[in-house]
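See structure below.
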Amino acid sequence: MIPITNALTIDFEDWYQGLEIPYTEWDGFEDRIVSAGRRLLDLFAAANVRATFFVLGYVAERHPRLVREIAEAGHEIGTHGYSHAFIYEQTPQLFREELGRSIKLLEDSTGQSIHGHRAPFFSITQDSLWALDVMGELGITYDSSIFPVLNYRYGIADAPRWPYQVQSDVMEFPISTLRMFGRNLPIAGGAYFRIYPYQFSKRGLQSINRQGKPFVFYLHPWEIDPEHPRIPLPKRVALTHYFNLSATERRLKRLLNDFAFAPMKEVLYVS
Ligand SMILES: [Zn+2]
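Following the working numbering, the residues of the sequence shown are numbered contiguously, the last one being 253.
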């Protein structure tokens, strides 16, 4: 049996950029994205696997060579916006400005056009569906931000679980979930991958492939950098951010060995 090819995705941002700290206050934090990013690139090269890197515009602005290096290693570059703000807290005008700025930065550093988008904090909800129209207008052809769960920060609980046309120009590839007890359980990456035992994640992801469907897996570079600084955070944020970081790299290697992966663009348009 030919294994199903799944989408491997990285939200490419530094450890302090997804902590609900405004980007105007990011200057004082230790920059670790180059070392953590290279570590991830080495790990993918050793496993002979390519991924989609949804790169934050702020990172691309400061590290254009690193972004070029990722693209030259054969990975797909997508956008993760510019400032890691919740889209539903932005005006459509500000979202458009930041998305346009991030796309330009990424195209300038890679020489390639950008097709994919992942929202910061998966923040495409019922309140920010207008963002999909803006994406379509700026040339984005697929989005992977709508999490079909309900969470304090994100989610549309009854959204489709498999890829679909969400807007006339934009496909949506939802973050993968497991259907359990009549609800969708998030399992496919980030903190969920660190919290559940590896065998639970593996069986859940296998069950998606057994249905003939690809899953979306996501991770951040700082999740394989357990030595990054500890700073005081609101309890609910600290609990998931720092949990079990030392296990991620080992688990990721097992995952890459147990499943077949490709960049999201290839999974969406080739299979
Ligand atoms: Zn992010």
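For each residue, glycine too, the CB sits at the ideal point set by N, CA and C. No experiment lies behind these values; they were computed from the predicted model shown.
Cβ-based burial, residue i [other Cβ within 10 Å; buried from 16]
i	result
residue 75	exposed
residue 6	exposed
residue -16	exposed
residue 42	buried
residue 154	buried
residue 141	buried
Alpha-carbon to alpha-carbon, residue j and residue i
i	j	result
residue 92	residue 85	11 Å
residue 64	residue 225	26 Å
residue 46	residue 80	17 Å
residue 189	residue 14	36 Å
residue 161	residue 10	42 Å
residue 40	residue -1	9 Å
residue 200	residue -7	7 Å
residue 134	residue 49	32 Å
residue 68	residue -14	33 Å
residue 107	residue 219	20 Å
Sheet register partners of residue i (DSSP bridge)
i	result
residue 147	153
Close-in-space but distant-in-sequence residues of the same chain around residue i (CB under 6 Å, 5 per side omitted)
i	result
residue 52	35
residue 197	-12, 158, 170, 187 and 190
residue 222	173
Residues of its chain near residue i, where Cβ-Cβ distance is below 7 Å and the 5 sequence neighbours each way are ignored
i	result
residue 229	176
residue 31	-10, 238 and 243
residue 240	184
residue 211	12
residue 109	70
Same chain only: Cβ atoms within 8 Å of residue i, ignoring 5 sequence neighbours per side
i	result
residue 159	129, 130, 131, 143, 166, 167, 168, 169 and 170
residue 82	120
Exercise. Quick check: the stretch 94 to 109 against the stretch 58 to 73, are there 3 or more CB pairs under 8 Å?
Worked result: Because the criterion of three Cβ pairs below 8 Å is met, the stretch 94 to 109 and the stretch 58 to 73 touch.
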